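Worksheet: the structure to be examined is printed underneath.
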Amino acid sequence: MRMANVTEVRKSIRALLDEVVRTREPAVILQRSKPVAYLIDAETFEEMRRRNRVDELEQTPSQTDILDRILRLKARIAERSGVQDDSTRLIRELREGPARYE
1 MRMANVTEVR KSIRALLDEV VRTREPAVIL QRSKPVAYLI DAETFEEMRR
51 RNRVDELEQT PSQTDILDRI LRLKARIAER SGVQDDSTRL IRELREGPAR
101 YE
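Residue 21 in the UniProt record's numbering sits at position 21 of the sequence shown, and the numbers go up by one each step.
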């Protein structure tokens with residue numbers, strides 16, 4: 001892997017680009033002896049992006065999977081604690097008191 005400082009990059013960017021494209025090896029750009037950037041050829045970059053997208057798609061659960069999991073969890077909670085009443089009715093009773101309008 002080629003290493004070049006910022007001054008060298010400014011002076012010979014064309015040669016550095018040609019080398020990166022020809023060898024398909026990245027170049028490390030240094031500033032004060034520390035890596036600040038990598039220069040890679042376009043094909044390698046596109047391949048990395050494509051792989052990253054594929055990995056994300058494989059790891060991201062679909063909305064259907066998420067909804068199915070929520071429904072399963074709700075069913076487990078209902079099994080453990082009995083049938084759940086509508087929370088709206090319960091909140092209304094707590095606010096207004098039982099049979100307030102009767």
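Even for Gly, the Cβ is constructed at its ideal location relative to N, Cα and C.
Nothing here was measured: the structure is a model prediction, and the numbers come from that model.
Select from R72, M48, S87, M3 the residue whose C-alpha is nearest the C-alpha of S33. M3
Bridge partners for K34 per DSSP, in chain order? Q31
At least three beta-carbon pairs within less than 8 Å, the region 64-78 to the region 38-56: no
So the candidates are N5, K11, E46; which of them puts its Cα closest to the Cα of A27? When each option's Cα is compared against that of A27, the closest is N5.
Closest by CA to I29, which one among V9, E46, A42? V9
Do M1 and E19 have their beta-carbon atoms positioned less than 8 Å apart in this structure? no
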